[in-house]
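Each residue of the sequence shown is one higher than the one before, counting from 17 in this note's numbering. All residues carry an ideal CB built from backbone N, CA and C; glycine is no exception. As structure tokens, the structure follows; a few thoughts come after it.
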Amino acid sequence: MTEPSGDLAGERADAVRNRARLLEAAAWLVAERGAEHVTMHEVAQVAGVFSIMRASGR
Numbered sequence: 017m018t019e020p021s022g023d024l025a026g027e028r029a030d031a032v033r034n035r036a037r038l039l040e041a042a043a044w045l046v047a048e049r050g051a052e053h054v055t056m057h058e059v060a061q062v063a064g065v066f067s068i069m070r071a072s073g074r
């Protein structure tokens with residue numbers, strides 16, 4: 017896996033923590049069920065991260 021592009025040095029500590037929790041939850045769920053059976057909502061729920069996701073017009 018490659019590192020995301022851009023400067024993350026100024027990123028908020030809670031954003032760093034939430035990203036780690038989301039990645040860990042996603043890896044666990046995919047290993048248990050397979051990627052085709054996992055939703056973003058489930059990943060957020062397992063990670064304990066709740067936020068509003070907006071659809072982009074792009």
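On the three-state DSSP scale, how would you describe residue i?
{"i": "R28", "result": "coil"}
{"i": "V46", "result": "helix"}
{"i": "V54", "result": "coil"}
{"i": "V59", "result": "helix"}
Is the Cβ-Cβ distance between residue i and residue j less than 7 Å?
{"i": "A41", "j": "V62", "result": "yes"}
{"i": "R28", "j": "V65", "result": "no"}
Buried or exposed for residue i, going by 16 or more other Cβ atoms inside 10 Å?
{"i": "V59", "result": "buried"}
{"i": "L39", "result": "exposed"}
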